[in-house]
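Down below is the structure, laid out as structure tokens.
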Amino acid sequence: MPITEKLYDDDPYLKEFKARVLRVDGNEVELDRTAFYPEGGGQAGDLGVIGGVRVVDTQKEDGAIMHILETTPVMSVGDGIDCEIDWERRHRIMRLHSAAHIMEHFLWKQLGHLERLGSYVDEKKDRADYEYEGRLPPEALKEVEEATNEFLTEGHEIRIDPDPTQPDIRIWRCAEIEMPCGGTHVRNTREIGSLRLKRKNPGRGKERVETSLVSD
Ligand SMILES: [Zn+2]
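Adding 7 to a residue's 1-based position in the sequence shown gives its number in our numbering.
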């Protein structure tokens, strides 16, 4: 089975590209190459337009990257089509995803390691759930917000390298922070601007930290 070339891995800043149709299944289309990031690793799937039809979601299905279209397209296998991702939205997601990793670093510095139970980032905010009894102290969260914002303005480079022993795993790096992540990220912390953090209680024994962008 042919595998889609993941253009977003090599260049997360790619907005427009040409591709060939590998498969059409109702309103879902598989391409030979794509810059559309499929939902996964806590990051929302991309939106945009392919072959003149709106993409309302991108999902992984049995290992294939499927572009889910607003309507059933008039496309055939082998067709060459023009594609464009909703860049404004994706860039916000990249800023927020990078920001969430940095926030977590300062959260752990402040409160010690907290087990992350889940996370989800879209263009509006990042939500990260941690194992925690009681309420996250507001003063601690304020300190985390300030430390993160100061770090962002320092202009640290962000790099992603394949894990030397497992090439499928990608390692996200920024200053002394590193973690495995397959998502899309900005190149420098300055691109993020500044953040606001908020806590929520999504259920017993959990606390959620919501990260949102202050600047557009
Ligand atoms: Zn990540």
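Backbone N, C-alpha and C define an ideal beta-carbon position, used for all residues, glycine too.
Given the structure is predicted, the values throughout are model-derived calculations rather than measurements.
C-alpha gap between residue i and residue j, whole angstroms
i: Gly200; j: Val221; result: 7 Å
i: Tyr127; j: Arg27; result: 31 Å
i: Arg134; j: Ser105; result: 13 Å
i: Met110; j: Asp136; result: 13 Å
i: Arg206; j: Val81; result: 46 Å
i: Phe24; j: Leu143; result: 44 Å
i: Arg123; j: Asp86; result: 43 Å
i: His98; j: Glu130; result: 8 Å
i: Glu68; j: Arg61; result: 19 Å
i: Met101; j: Glu152; result: 19 Å
i: Pro174; j: Leu38; result: 23 Å
N-terminal and C-terminal residue of the alpha helix (DSSP H) that residue i is part of
i: Phe158; result: 145 to 160
i: Met101; result: 94 to 118
i: Asp16; result: 14 to 17
C-beta atoms of residue i and residue j nearer than 8 Å
i: Gln66; j: Glu46; result: yes
i: Ile75; j: Val63; result: yes
i: Lys132; j: Leu114; result: no
i: Asn195; j: Ile165; result: yes
i: Leu118; j: Ala154; result: no
i: Val227; j: Leu204; result: Nothing about residue 227 can be read from this structure; the chain reaches only from 8 to 223.
i: Asp32; j: Asp93; result: no
Rounded Cβ spacing between residue i and residue j (contact assumed at less than 8 Å)
i: Phe43; j: Gly55; result: 6 Å
Cβ neighbours of residue i in the same chain (closer than 6 Å, five flanking residues each side left out)
i: Arg197; result: Gly162
i: Asp168; result: Ile178
i: Glu77; result: Arg61, Val63
i: Glu150; result: Gln117
Residue range of the unbroken beta strand (DSSP E) whose run includes residue i
i: Asp136; result: 133 to 138
i: Tyr127; result: 123 to 128
i: Thr65; result: 60 to 68
i: Ser83; result: That residue, Ser83, is in no beta strand (DSSP E); it is neither H nor E in DSSP.
Same chain only: Cβ atoms within 8 Å of residue i, ignoring 5 sequence neighbours per side
i: Gly48; result: Cys188, Gly189, Gly190
i: Cys181; result: Ser105, His108, Ile109, His163, Glu164, Ile165, Arg166, Thr196
i: Leu159; result: Ala106, Ile109, Thr196, Arg197, Ile199, Gly200, Ser201, Leu202
7 Å Cβ shell around residue i - same chain, five flanking residues per side excluded
i: Glu185; result: Ile178, Trp179
i: Ser14; result: Strictly speaking, residue 14 in this sequence is Leu, with Ser absent from that position. Answer for Leu14: Leu21, Phe24, Arg40, Thr41, Ala42, listed in chain order.
i: Thr218; result: Leu103, Ala106, Ala107, Met110, Lys132, Asp133, Leu202, Leu204
i: His112; result: Ile184
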